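Going line by line, the protein sequences match chains A and B. If you use the numbering used here, the first sequence closes out at 334, no skipped numbers anywhere. If you use the numbering used here, the second sequence closes out at 1163, no skipped numbers anywhere. Notes follow the structure.
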Amino acid sequence: MLGEYGVMMRLKAYIAVLPLCALLSATAQGATTPAGTSISNQASVSFVMAGVPGSAQSNAAAFLVGEILDLNITSQSPTVSVSAGDTNRALLFRLTNTGNGTETFPLAIDDLVAGDDFDPQPATPAIYFDSDASGNLSAADVAYVPGANDPTLAPDASIGVLLVNNIPVSAVDGSAGRSRLLARAATGTGTPGTSFPGQGSGGTDAVVGAKGGQAEALGQYLVGDVQVSLAKSVAVLDATGGASPVPGARLNYQIVINVTGSGTAHGFVLTDPVPAGTAYAAGSLRLNSLPLSDAADGDAGELVTGTTPTIRVALGDLTQTAGPQTIAFSVTIN
Amino acid sequence: MKRIQIFAAGMILAFIATTAMAQERGCILLKTVAEIEKIDTNERGEKSTRLVPAEKIVPGDEVVYTVSATNICDEAADHVVIDNPVPQHMKYVANSAVGPGTDVSYSIDSGFHYEKPAALKVSNPDGSQREARADEYTNIRWVMRNPLKPGSVAFARFRARLE
């Protein structure tokens, strides 16, 4: 039989931030005309003169579409729960070229944001590209080196950017610290409408767009304590209605997960192997009394089959406010 | 029968010949100009608008197209009709087509049919119909109410926004 401690150990290994798959979805659909496109207009006329029909074409009045310098940054992780003293905590942003020409965008970080409770400390390096699109800082992510690998984006293309900070040990529970990502068009910034003759894509003129050729977005760290505790219990039911753990007897397990503190336990996944010498009772998995199917599908739970069949329930982000979570399942003694 | 056919063929030949003549004479000179509005502010802070040649056009900008038709022959031109497809990558700006002495109509099928806005219908996915939006117009037509006299100029103008 599994003790509470055993479940705890496995839990620790599985508590991880789930990949933010939704953030990798395609960029906004772009309908803007690419810089360098020639736009031509030609009219025609028909008429009748002395009973004879005639027609004519006009000249083609044409101009080249200039490059508009425009960009957008959105925070993909508006608030990240951290603990005081945490290192290399990442905030995820998405930088999109909303202009109509291929453009390079130098980046910068600003941790001295007014209006928050503490200043996060930029890690070294402090800006990464989310190269593996995991949504968080990982070994495959490439560090940003100003002037060396400034991102160059085609119209409507976007890139995931991570700001990486350390949380001061002095940061108190419940306090917030903000960090800002800034980006600008390398061709130029300024009052909307400012023009840079000949500097746009394909030798066209570049014109500063509505945002002034620059953009910024804030992310926030929220310091919070969080403790997760689990209590596992079992009830035995044998064929005679007694409680003897004999072959054929049913073991009804219950695991209650309790969260305390102001923080959030991110991407909480509980796994518990079916004890050796027992067989999982098909269809017995429950979350807060509601049935979960055994298959890996839309619901939170599944029975992972294999040499050691394992119960797996992905509970997502857990907070104290959400209340205790109760998982139940049954096995039969072989 | 044979005689009629020959007669018909002769008619067509004559028609082609005179049409070619009218075109060769180039009796209407048609010109298109693309401009944008520029706002000037004088020393007293008063604003005035003038049209300047279209350059530095970026998505979202409005271009003013002016078409002029000049009768350079010595006879009046009847049934003068000016057609202008809305340029690619551009959307017609609602209520912007004007032309003194003309009736303006629009097409939403690349110029096969022209109608007044109220008669231009688009089918909704559910089968019902709605009036076409200005940005769905594909062509604009100006029909002159009166003949264009020798030496006279007719103007047609519209605005379009670059996508």
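Glycine included, each C-beta is placed from N, C-alpha and C at the ideal position. In this text the structure is predicted, and so the values were computed from the model without any measurement.
Check: Chain-ordered chain A contacts of B/Lys1077 [CB-CB under 8 Å]; Outcome: Per the sequence shown, residue 1077 of chain B should be read as Ala rather than Lys. Simply Phe47, Val48, Met49, Gly54.
Check: Chain B within 8 Å of A/Ile39, Cβ atoms only; Outcome: yes
Check: Classification of A/Gln57 by the beta-carbon crowding that lies within 10 angstroms, buried from 16 upward; Outcome: exposed
Check: Residue burial classification, B/Asp1109 (beta-carbon count within 10 angstroms, cutoff 16); Outcome: exposed
Check: Contacts of A/Gly66 in chain B (Cβ-Cβ under 7 Å); Outcome: Lys1056, Ile1057, Val1058
Check: Residues near B/Ser1152 by beta carbon distance below 8 Å, same chain, minus five either side; Outcome: Thr1070, Asn1071
Check: Cutoff 8 Å; reference A/Pro53; Cβ partners in own chain excluding five residues on either side; Outcome: Ser46, Phe47
Check: C-beta neighbour in chain A for B/Val1081, strict 8 Å; Outcome: yes
Check: Residue-chain proximity (B/His1113, chain A), Cβ-Cβ < 8 Å; Outcome: no
Check: 8 Å Cβ cutoff, B/Ile1039 in contact with chain A; Outcome: no
Check: Straight-line gap, A/Thr98 to B/Pro1059 (C-alpha atoms, nearest Å); Outcome: 11 Å
Check: CB of B/Glu1131 within 8 Å of CB of B/Lys1121, strictly; Outcome: yes
Check: 8 Å Cβ cutoff, B/Tyr1106 in contact with chain A; Outcome: no
Check: Cβ-based neighbour list, B/Lys1031, same chain, cut-off 6 Å, excluding 5 preceding and 5 following; Outcome: Ser1068
Check: Chain-order list of residues whose beta-carbon lies under 7 Å from that of A/Gly108 (same chain, five-residue window excluded); Outcome: At residue 108 of chain A the sequence reads Ala, which differs from the Gly that was named. Within the same chain, A/Ala108 has close Cβ partners Leu182.
Check: Within chain B, partners of A/Ala43 - CB distance below 7 Å; Outcome: Leu1030, Thr1032, Val1067, Ile1082, Asp1083, Asn1084
Check: Beta carbon of B/Cys1094 nearer than 8 Å to that of B/Val1063; Outcome: First, the residue type needs correcting, since residue 1094 of chain B is Ala and not Cys in the sequence shown. Cβ atoms of B/Ala1094 and B/Val1063: not closer than 8 Å.
Check: Residue-chain proximity (A/Asn166, chain B), Cβ-Cβ < 8 Å; Outcome: no
Check: 8 Å Cβ cutoff, B/Lys1162 in contact with chain A; Outcome: At residue 1162 of chain B the sequence reads Leu, which differs from the Lys that was named. So yes, B/Leu1162 belongs to the interface.
Check: Interface flag, B/Pro1100 vs chain E, CB-CB below 8 Å; Outcome: This model lacks chain E altogether; the protein chains it does include are A and B.
Check: Inside the segment 181–255 of chain A only - beta strand (DSSP E) runs reaching at least 3 residues; Outcome: 206–208, 214–223, 227–237
Check: 7 Å CB neighbourhood of A/Pro324 in its chain, flanking five on each side removed; Outcome: Val256, Ile257, Asn258
Check: Contact the segment 216–226 of chain A vs the segment 164–181 of chain A: 3+ CB pairs below 8 Å; Outcome: yes
Check: Any non-hydrogen atom of the ligand NAP within 7 Å of B/Val1052 CB; Outcome: Absence of the ligand NAP from the depicted structure is noted, as is the absence of any ligand whatsoever, leaving it without description.
Check: Own chain, CB closer than 6 Å to A/Arg312, minus 5 neighbours either side, in chain order; Outcome: Thr271, Glu302, Val304
Check: Close Cβ partners of B/Arg1157 (< 8 Å) along its chain, the five nearest in sequence each way excluded; Outcome: Val1064, Tyr1065, Thr1066, Val1067, Ser1096, Ala1097, Val1098, Gly1099
Check: Chain B contact for A/Ala26 (CB, 8 Å cutoff); Outcome: With a pLDDT of 33 at A/Ala26, under the threshold of 50, the predicted position of this residue should be treated as unreliable, though the coordinate-derived value follows. So, not an interface residue.
Check: At least three beta-carbon pairs within less than 8 Å, the segment 275–283 of chain A to the segment 236–243 of chain A; Outcome: no
Check: Short CB-CB distance (under 8 Å) between A/Leu23 and chain B; Outcome: Below a pLDDT of 50, predicted positions are generally treated as unreliable, and A/Leu23, at 33, falls in that range; the measurement from the model is reported next regardless. Chain B, which has no Cβ nearer than 8 Å to the Cβ of A/Leu23, makes this no.
Check: Three-pair Cβ contact test at 8 Å for the segment 1077–1085 of chain B versus the segment 1040–1048 of chain B; Outcome: no
Check: Members of the segment 191–203 of chain A that neighbour chain B once the beta carbon cut-off is set at 7 Å; Outcome: Ser195
Check: Nearest-angstrom Cα separation, counted from A/Val234 out to A/Leu318; Outcome: 24 Å
Check: Nearest residue (CA-CA) to A/Gly263, options A/Leu92, A/Thr124, A/Ala126, A/Ala84; Outcome: A/Ala84
Check: Where B/Asp1040 falls: helix, strand or coil (DSSP); Outcome: strand
Check: Other residues of its chain near A/Thr326: CB distance less than 6 Å, five sequence neighbours each side excluded; Outcome: Val256, Asn288
Check: Same chain, Cβ closer than 8 Å to B/Ala1077, five either side skipped, listed in chain order; Outcome: Cys1027, Ile1028, Asn1071, Pro1147, Leu1148
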